[in-house]
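Heads up: the sequence shown begins at 995 in the numbering used here, then just goes up one per residue. Presented below is the structure to which this report refers.
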Amino acid sequence: MVTTFGSKSWGGENLTVMSFFFWFNRGYRPHPMPNQFEAFKIADVIGIKNRRLLLTMIIAGLLSLICSFWSNLDMMYRDGALAKVTRFRFWVGRGAFAKLEKWLLYPVSSDWLGISFMGMGVFL
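See the structure below:
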């Protein structure tokens, strides 16, 4: 939205709120939906009921969530959050606020050419 309509038209408060949503909206590479659809297709072919597979997926998801939280907590406690742990935790926060800094310090106008091409694409 900011790329299309520019950062000038949003204002600082709105841009700040948008930067807080960067953590879950920066990429959809690990999206689980294709794998779940494939599991449902395999279950359909070999005759497993969809309700049973869904329950298994929910239990596996909850169990993996608990295990990943526990392992992250253990790693942070054992290795030290600032001493030896990977820099990924810092990169996630820096990525969102670097974008916000760019939007606020170097505001850009709306991309009218891009908007017009999107409008033409709607009608084609």
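From the three backbone atoms N, C-alpha and C, an ideal C-beta is built for every residue, glycine too. Predicted, not measured: the structure shown is a model, and the values here were computed from it.
The alpha helix (DSSP H) with Arg-1045 in it runs from where to where? Taken as a continuous stretch (DSSP letters only), the alpha helix (DSSP H) holding Arg-1045 covers 1044–1073.
In the DSSP assignment, find the alpha helix (DSSP H) that holds Val-1011 and state where it starts and stops. 1006–1014
Given 8 angstroms as the limit, is there contact between the stretch 1089–1109 and the stretch 1001–1009, that is, 3 or more CB pairs closer than that? Look at the beta carbons and you see the stretch 1089–1109 touching the stretch 1001–1009: at least three pairs across the two are nearer than 8 angstroms.
C-beta atoms of Ala-1037 and Leu-1049 nearer than 7 angstroms: no
Unbroken alpha helix (DSSP H) run spanning Pro-1028, endpoints: That run of the alpha helix (DSSP H) goes 1027–1040.
Pick out whichever of Ala-1092, Phe-1014, Phe-1091, Gln-1030 has its Cα sitting closest to the Cα of Gly-1055. Gln-1030
Distance between Leu-1009 and Asn-1019 (C-alpha atoms, nearest Å): Those two C-alpha atoms are separated by around 14 angstroms.
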